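The numbering used here applies: residue 9 is where the sequence shown begins, and numbers increase by one. Don't be surprised by glycine CBs; every beta carbon is placed ideally from N, CA and C. Keep in mind the model is a prediction, meaning the values are calculated, not measured. Quick notes on the structure that follows.
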Amino acid sequence: MAGLTLDTAGALAAARDLGAAGWAAADLLLAIRIGMAEGGAERSASAPAA
């Protein structure tokens with residue numbers, strides 16, 4: 009996930025605003041990180057070679 013960052017405190021606050029707490033909030037943060045990693049990998053794979 010080079011170059012990708014997640015505002016963990018902000019994401020946790022958003023998860024709590026959505027009603028998630030404890031492990032549910034942790035699962036939501038993990039899903040966000042996985043999605044970011046997959047999106048970054050997809051962008052890298054589809055980028056034209058220089």
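| Item | Value |
| --- | --- |
| Assuming L36 and A29 form a contact by the criterion Cβ under 8 Å, report the distance between their Cβ atoms to the nearest whole angstrom. | Not quite, the Cβ-Cβ distance comes to about 10 Å (not below 8 Å), so this is no contact. |
| Going by the CB atoms, is the gap between R41 and A33 shorter than 8 Å? | no |
| Tell me the residue span of the alpha helix (DSSP H) that contains G30. | Here G30 belongs to no alpha helix (DSSP H), and DSSP marks it neither H nor E. |
| Can you check whether the CB of L14 is closer than 8 Å to the CB of M44? | yes |
| If you run the structure through DSSP and keep just helix, strand and coil, what is D15? | coil |
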